[in-house]
Amino acid sequence: MDEQIYKSRREDFLVQMKKSSVALLFSATQKTRSNDTEYPYRQDSDFYYLTGFKEDNAILVLLKGEKSVKEILFVQKKDKSLELWTGKRLGAEGAKERFDVDTVCTSERFEKKLKKILPSKKRVYLDLFSEEKKLLHAKCPEGVKDFIKKSSMKLLHVKKITQSMRAIKTPVEIELIKKALSITKEAHHKVMSMQKSGMFEYELQAVYEYEFKKNGAYSDAYTTIIAGGDNGNTLHYINNSEILKEGELILIDAGCEFEMYASDITRTIPVNGKFSEAQKEIYELVLQTELKVIEAIKEGVLRTDLQMMARESLCEGMVALGILKGDVKELIKEEKDKRYFPHGIGHWMGIDVHDPCPYKDKKGKELPLQAGMVMTIEPGLYLPLDDVDLPQKYRGIAVRIEDDILVIKEGYENLSCGIAKSVAEIEELYSRT
Ligand SMILES: [Mn+2]
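Straight run, no breaks: the sequence shown in the numbering used here ends on number 574.
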């Protein structure tokens with residue numbers, strides 16, 4: 142993305158800062174996987190949102206005085222011997238050239254410089270993690286924390302500003318999400334056409350990883366779930382270690398991350414390409430529910446209304462199929478439906494697959510949907526194999542269907558609309574091979 146985009150985000154951020162304050166945003170730290178080896182590095186989402194910078198050991202400092210503002214970016218200094226091992230760095234000079242910030246310094250000067258800056262400011266914005274622990278877990282070097290502790294500076298949450306900024310996606314961000322989804326679509330279609338009984342769940346996971354990388358997506362946006370049969374009844378099943386069996390469904394939750402933007406798609410498909418009658422009944426119920434909820438999306442709608450719409454639709458269907466017995470309204474009131482649909486209807490999505498944007502305003506009132514928001518819609522039904530209250534034919538079936546939806550003024554745009562979803566489309570894709 143154009144540097145101008147990050148610049149204008151920082152300007153927006155500065156406008157929202159109180160006077161006489163300083164905001165500190167840190168890059169993500171490298172995380173050890175085991176001795177001497179690290180997980181692949183992934184930049185902190187807020188830091189990336191405001192800088193577009195992907196290196197670690199970097200800090201963005203935003204200063205707001207009575208009348209003026211200033212931006213300082215701290216970056217790792219160039220070090221030839223270090224670069225031999227871990228690759229080239231931009232360094233202070235390179236960063237100064239690339240980024241439109243007032244000042245660039247090397248990171249080792251951060252503490253010293255900050256101790257000079259802080260005494261002239263009344264407030265400091267930090268990632269405070271939680272209200273109670275405040276500074277204890279704040280992402281900030283100990284020396285700076287001690288300094289702040291001894292001062293009378295007021296602590297403020299940096300994320301309160303970034304998270305509401307991130308709630309509304311710009312056209313450039315929508316394009317990146319669409320690109321992520323086009324790669325994710327190819328991967329899902331590939332898997333739909335090539336899966337068969339006798340394969341292991343992890344073999345399909347490998348297909349996703351290959352397709353993502355081959356098409357330019359650096360990583361998956363979250364750990365892929367490939368859940369054959371009853372494994373789908375474990376909501377976050379990521380072992381992906383079992384064999385796929387004829388007659389079972391596969392619940393697949395997989396999406397790539399492209400240029401730091403996520404996609405999040407769930408499809409449920411039959412092993413060997415043909416739904417049984419019982420599977421079709423559950424599948425159609427979840428699908429019709431998903432379509433109904435998506436159709437209701439437009440500016441001003443509440444997420445809790447979408448949740449209730451999904452619960453009513455699924456509950457009615459469950460009563461019709463003999464899964465639940467009783468009056469739909471009563472069942473919902475007593476939350477009996479939650480036994481088989483225990484999770485939320487969806488979440489914000491963007492730089493994070495679960496974008497940490499607010500769901501409520503400062504007073505705790507729910508925020509209505511607004512044009513530019515992107516959310517997932519993902520109803521599901523989970524019918525465990527060992528649940529003796531269920532009709533025999535439905536035991537061991539798990540179905541979730543998930544799409545990524547952009548809210549627009551008059552309605553919605555389904556950003557993932559090209560990914561096979563109907564029974565006919567899924568069966569057709571399989572039979573093509
Ligand atoms: Mn999701």
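Where is the CB? At the ideal position from N, CA and C, for every residue including glycine.
I410 sits away from G396, with the two beta carbons spaced by 8 Å or more.
In this structure the stretch 511-522 touches the stretch 543-554; the number of beta carbon pairs closer than 8 Å is three or more. Assignment of E387 by DSSP, reduced to helix, strand and coil, places it in the coil class. Burial state of Q217 is buried, judged by a 10 Å Cβ sphere holding 16 or more other Cβ atoms.
H488 sits buried, since 16 or more C-beta atoms from the chains shown fall within 10 Å of its C-beta. These are the residues, in chain order, with a beta carbon less than 5 Å from any non-hydrogen atom of ligand 1: D405, T517. Here the alpha carbons of K229 and A279 stand approximately 30 Å from one another. Y266 is a Cβ neighbour of S162, given a cutoff of 8 Å. Ranking L259, K301, C281, I315 by CA distance to the CA of S293 puts L259 first.
In this structure, the straight-line span from the alpha carbon of G559 to that of K253 is close to 54 Å. Taking the Cα of G537 as reference, the smallest distance to any Cα among S563, E436, A419, E425 is reached at A419. Inter-segment contact for the stretch 375-391 and the stretch 350-366 is present: three or more beta-carbon pairs are separated by less than 8 Å.
With a contact defined as Cβ atoms closer than 8 Å, I423 and L522 qualify at about 6 Å. Distance from the CA atom of V427 to the CA atom of Y343, rounded to whole angstroms, is 26 Å. In the DSSP assignment, Y189 falls within the alpha helix (DSSP H) that extends over 186-192.
According to the DSSP assignment, A368 belongs to no alpha helix (DSSP H) but to the beta strand (DSSP E) extending over 366-369. When C-alpha distances from V156 are compared across K219, R408, I302, the shortest belongs to I302. In the three-state reduction of the DSSP assignment, Y424 falls in the helix class.
Looking from the CA of T311, the closest CA among Y190, F416, D185 belongs to Y190. Check the Cα spacing between M340 and each of L231, E387, S323, M490: the tightest is with E387. Relative to the Cα of Y147, the nearest Cα in the group L165, S175, F194, P181 belongs to F194. When DSSP states are grouped into helix, strand and coil, C498 belongs to the coil group.
Residue pairing for Y402: DSSP places it in a beta bridge opposite F399. In its chain, beyond the 5 residues on either side, R408, I560 have a beta carbon closer than 6 Å to the beta carbon of H329. When beta bridges are read from the DSSP output, I309 appears opposite no residue.
Taking 8 Å as the cut-off, the Cβ atoms of F188 and F215 do not count as close.
For K290 and L276, the gap between their C-alpha atoms comes out near 8 Å.
For E436, the closest alpha carbon among the candidates E554, M333, T325, I473 is that of E554.
Remark: C-beta atoms of A539 and L432 do not approach each other more closely than 8 Å.
Taking C-beta atoms under 8 Å as the contact rule, L443 and E507 qualify, at a distance of about 6 Å.
Pairing D143 with A347, the inter-Cα distance amounts to about 33 Å.
Rounded to the nearest angstrom, the Cβ distance from Q304 to P509 is 17 Å, too far for a contact under 8 Å. In the structure shown, K355 adopts helical secondary structure according to DSSP, grouped into three states.
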